[in-house]
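Protein chains in written order, with our numbering: chain G, 9 to 294; chain H, 26 to 285; chain A, 441 to 792.
Structure, as structure tokens:
If you want it as structure tokens, here you go:
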């Protein structure tokens with residue numbers, strides 16, 4: 009198509025829309041939870057996203073950065089984010105109080121292939137703040153429980169205080185329609201009732217899985233992937249059903265600024281969800 | 026409700042006071058500077074200076090006496106954020122070039138002879154991060170007006186400065202200059218932090234490195250490139266060392282060992 | 441596609457007529473190089489210019505501009521730098537450069553900051569003659585089939601003018617009498633001969649077809665580290681490349697009442713901070729990793745996506761990199777040769 013025939017007038021891919029922080033509180037010392045709603049009600053209700061997608065958040069004067077969406081599209085209206093204090097934008101976000109305005113645009117990225125996952129078993133493997141993007145798909149599967157087969161969650165954090173959404177996971181343990189195993193690397197409270205060890209030590213506790221019928225979803229710190237993938241491969245889960253969501257530097261979210269390029273793909277367009285096959289194929293992913 | 030203003034102090038250690046002067050020289054913005062923050066201390070611009078708690082301290086100059094070291098430690102204790110401003114504070118400045126203890130003692134004697142110092146003990150000139158934790162670095166000799174104002178405005182807004190981390194070449198190409206190095210002119214653009222607006226190369230003058238070296242300055246490559254182009258070894262060394270302060274001392278030390 | 445004839449002495453009258461329609465930009469001398477600049481005095485136009493220092497991309501996305509003004513009320517687009525332009529004297533390689541950028545900037549999520557100026561800029565191509573650094577014949581970008589409104593082939597006796605778009609046709613119609621619709625047999629012969637001579641004038645040739653495989657096979661080759669050791673990480677190669685699109689965004693605040701600005705400026709994948717995320721993790725900490733990304737992108741990755749390299753053979757990296765890391769020497773290294781280049785000499789020096 010000729011460039012001349014393109015109409016950019018309506019396309020405003022970079023314009024942040026005003027959104028209000030409805031609720032915010034600390035999940036851990038350096039991770040905060042944000043519940044956000046577009047000021048424009050129409051926009052708030054029409055914001056269609058998939059679990060695993062991300063949004064760009066602007067804080068006035070500080071800048072803009074990408075954040076994975078932690079809420080589920082099955083509960084429309086409000087968007088949720090779990091944000092670790094790491095740089096300029098997150099520091100500015102941490103200063104903002106409830107009712108403050110931020111800029112929001114998105115949703116971006118491929119997200120998890122929830123259509124393909126329908127009817128399949130789901131195994132979610134979380135390390136630390138990896139709970140942020142995986143919470144979306146977890147809540148989505150709970151809200152649509154009958155659309156999926158077995159659901160199992162393995163979650164490892166450094167210390168009990170760093171396990172974000174602890175209560176949500178403990179309450180999952182009460183449910184009979186899913187399996188949930190929790191671990192911390194070290195218990196510094198003396199009150200930890202679950203297992204101690206890295207997340208891979210939870211695999212032996214998993215009930216027998218139906219590997220060809222299972223999607224494994226992984227997110228955690230970069231060092232975790234290698235070890236978790238090894239376990240998943242051992243379980244014989246197909247390479248293209250091992251999904252992971254990755255972090256990269258992004259300045260646009262829409263495949264223009266180039267920062268998230270890996271090989272011939274852009275993490276913001278073709279990711280942030282990749283399969284283990286992608287990882288083998290493209291090398292520099294993890 | 027009016028927002029509480031940041032308490033800011035501007036201090037000068039050893040240097041030419043060019044950075045403080047540049048701030049005073051922001052004439053059109055001076056009112057805005059004083060309106061946006063409470064300038065608690067600024068020797069060059071005001072007389073009622075207070076040495077209390079600060080949100081931000083801007084420190085110019087290198088540390089070259091024991092007294093300055095004490096003053097600096099005190100500033101750090103009183104300040105939430107310390108910003109090194111100017112080449113002397115960031116990397117030690119011209120007075121720290123060729124930093125090498127033996128050289129310094131020799132040079133010091135050469136200049137001052139055997140004069141006894143009574144008011145303070147002189148020390149080898151060093152950047153302020155030799156003694157304290159520095160939160161941000163605003164480079165330049167002197168600092169640039171635009172970079173200073175945008176840094177100041179960001180700090181007032183509660184955000185850290187966002188400065189270029191890349192070399193002068195990037196800005197030089199933005200301005201579509203023909204590369205001086207390729208014309209066999211000894212330009213330090215590839216080694217030097219941008220932010221100056223590539224003013225020298227814009228006027229066909231090679232970069233002398235006054236913004237100080239970048240994090241990843243490839244000294245080895247530039248050094249050999251200039252040698253290759255037939256420049257005198259001493260000239261290259263002097264030029265590279267001039268504004269690099271302590272930042273490239275290691276490079277030269279290593280180099281000396283090699284040549285021996 | 442219609443082809444008309446324009447006598448040499450009719451060019452300025454034509455430019456005179458069209459420059460009333462929009463700003464006329466063309467290559468002019470800058471030192472002993474060339475640069476696109478706004479021209480009122482047509483004698484400044486360098487008709488025989490080689491490559492400009494910076495390609496035509498600067499007209500579409502300036503090196504440094506404001507995207508938004510922002511206040512507490514929100515973000516307001518700033519497209520004030522966009523204006524109607526006619527870009528005369530664009531070489532075939534640069535037209536291909538723009539076509540490559542079109543794919544990145546106008547396909548998914550069209551970028552208004554590129555698309556607006558792109559739509560409002562007419563491209564008047566001009567044929568050129570290769571110097572020793574040109575290799576557009578190797579990338580097959582010495583010929584243009586699309587991407588221009590008019591294209592002027594500069595023959596000894598006259599110009600042959602290809603009309604590439606309806607807008608281009610409109611320009612002709614401003615002064616139709618200057619153009620001759622009847623091409624003689626001699627004109628055709630002259631053109632064919634010109635083309636043959638031009639095609640034989642290339643002194644640099646690179647076998648691009650082999651490069652994707654060679655990139656893959658050389659993924660762990662030691663010469664990457666040699667390149668990394670010499671690379672000044674100055675970013676120049678990417679700034680001058682017609683197909684480099686990367687940019688960074690910074691928010692700028694001002695004292696007083698002035699609204700803030702969201703600044704967008706050209707960025708480079710060869711810079712250390714390029715792949716660094718908040719918190720300090722850097723996915724490409726080493727220079728050789730970043731260089732490899734650039735060459736992967738140009739020579740291999742783009743091919744797997746679009747079926748051709750994203751190098752257009754303009755030779756800008758050849759004349760720009762102070763340490764001679766460029767498509768020519770890297771292609772030679774990929775082919776297993778020892779290229780004559782500073783980076784190779786430095787590597788030899790280091791092992792001595």
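In this text, a Cβ means the ideal position worked out from N, Cα and C, and glycines have one as well.
Just so it is clear, the structure is predicted and the values come from calculations on it, not from any experiment.
For residue i, three-class secondary structure by DSSP
{"i": "residue 66 of chain H", "result": "strand"}
{"i": "residue 241 of chain H", "result": "coil"}
{"i": "residue 36 of chain H", "result": "strand"}
{"i": "residue 232 of chain G", "result": "helix"}
{"i": "residue 549 of chain A", "result": "coil"}
{"i": "residue 176 of chain H", "result": "helix"}
{"i": "residue 26 of chain H", "result": "Because the pLDDT at residue 26 of chain H is just 44, under 50, the model does not fix this residue reliably, and the value given afterwards should be weighed accordingly. It is coil, neither helix nor strand."}
{"i": "residue 16 of chain G", "result": "Its pLDDT being 49, under 50, residue 16 of chain G is placed unreliably in this model, and the coordinates cannot settle the point."}
{"i": "residue 762 of chain A", "result": "coil"}
{"i": "residue 494 of chain A", "result": "coil"}
{"i": "residue 31 of chain H", "result": "strand"}
{"i": "residue 149 of chain H", "result": "strand"}
{"i": "residue 280 of chain G", "result": "coil"}
{"i": "residue 749 of chain A", "result": "coil"}
{"i": "residue 82 of chain H", "result": "strand"}
{"i": "residue 203 of chain H", "result": "coil"}
Proximity test, Cβ basis, 8 Å: residue i and chain G
{"i": "residue 561 of chain A", "result": "no"}
{"i": "residue 735 of chain A", "result": "no"}
{"i": "residue 183 of chain H", "result": "yes"}
{"i": "residue 689 of chain A", "result": "yes"}
{"i": "residue 685 of chain A", "result": "yes"}
{"i": "residue 496 of chain A", "result": "no"}
Segment limits, beta strand (DSSP E) that includes residue i
{"i": "residue 271 of chain G", "result": "No beta strand (DSSP E) contains residue 271 of chain G, which DSSP labels as neither H nor E."}
{"i": "residue 509 of chain A", "result": "504 to 511"}
{"i": "residue 562 of chain A", "result": "561 to 566"}
{"i": "residue 34 of chain G", "result": "25 to 36"}
{"i": "residue 477 of chain A", "result": "473 to 478"}
{"i": "residue 633 of chain A", "result": "Per DSSP, residue 633 of chain A belongs to no beta strand (DSSP E); it is in the alpha helix (DSSP H), 625 to 640."}
{"i": "residue 487 of chain A", "result": "Segment: none, residue 487 of chain A is in no beta strand (DSSP E) and carries neither H nor E."}
{"i": "residue 177 of chain G", "result": "Run containing residue 177 of chain G: none in the beta strand (DSSP E); it sits in the alpha helix (DSSP H), 174 to 180."}
{"i": "residue 528 of chain A", "result": "525 to 530"}
{"i": "residue 43 of chain G", "result": "39 to 46"}
Range of the contiguous alpha helix (DSSP H) that encloses residue i
{"i": "residue 133 of chain G", "result": "Premise fails: residue 133 of chain G lies in the beta strand (DSSP E), 129 to 135, not in any alpha helix (DSSP H)."}
{"i": "residue 215 of chain G", "result": "First-last for residue 215 of chain G: undefined, no H or E at that position."}
{"i": "residue 142 of chain G", "result": "139 to 151"}
{"i": "residue 783 of chain A", "result": "782 to 791"}
Where residue i meets chain A, residues with beta-carbon distance less than 8 Å
{"i": "residue 98 of chain G", "result": "718"}
{"i": "residue 206 of chain H", "result": "762"}
{"i": "residue 158 of chain H", "result": "Per Cβ cutoff of 8 Å: no residues; residue 158 of chain H is ~16 Å from chain A at best."}
Residue i at chain H interface by Cβ criterion, 8 Å
{"i": "residue 69 of chain G", "result": "yes"}
{"i": "residue 693 of chain A", "result": "yes"}
{"i": "residue 167 of chain G", "result": "no"}
{"i": "residue 93 of chain G", "result": "no"}
{"i": "residue 257 of chain G", "result": "no"}
{"i": "residue 507 of chain A", "result": "no"}
{"i": "residue 708 of chain A", "result": "yes"}
{"i": "residue 103 of chain G", "result": "yes"}
Closer than 8 Å to chain A by CB, residue i
{"i": "residue 236 of chain H", "result": "no"}
{"i": "residue 269 of chain G", "result": "yes"}
{"i": "residue 47 of chain H", "result": "no"}
{"i": "residue 110 of chain H", "result": "no"}
Partners in chain A for residue i, counting only beta-carbon separations shorter than 9 Å
{"i": "residue 262 of chain G", "result": "548, 549 and 551"}
{"i": "residue 61 of chain H", "result": "695 and 696"}
Partners in chain H for residue i, counting only beta-carbon separations shorter than 8 Å
{"i": "residue 1 of chain G", "result": "Lying outside 9 to 294, the shown extent of chain G, residue 1 of chain G is not represented and no answer is given."}
{"i": "residue 606 of chain A", "result": "Correct list: empty, because the minimum Cβ distance to chain H is about 32 Å."}
Chain-ordered neighbours of residue i on chain H, where CB pairs are closer than 9 Å
{"i": "residue 470 of chain A", "result": "201, 202 and 203"}
Listed by chain order, chain G residues near residue i by CB distance under 8 Å
{"i": "residue 179 of chain H", "result": "69"}
Along the chain, which unbroken stretches of the beta strand (DSSP E) at least 3 residues long are found entirely within the stretch 673 to 731 of chain A? 687 to 692 and 700 to 706
**Prompt:** Of all the beta strand (DSSP E) runs that stay within the bounds of the stretch 58 to 97 of chain G, which reach a length of 3 or more residues?
**Reply:** 62 to 67, 71 to 76 and 87 to 92
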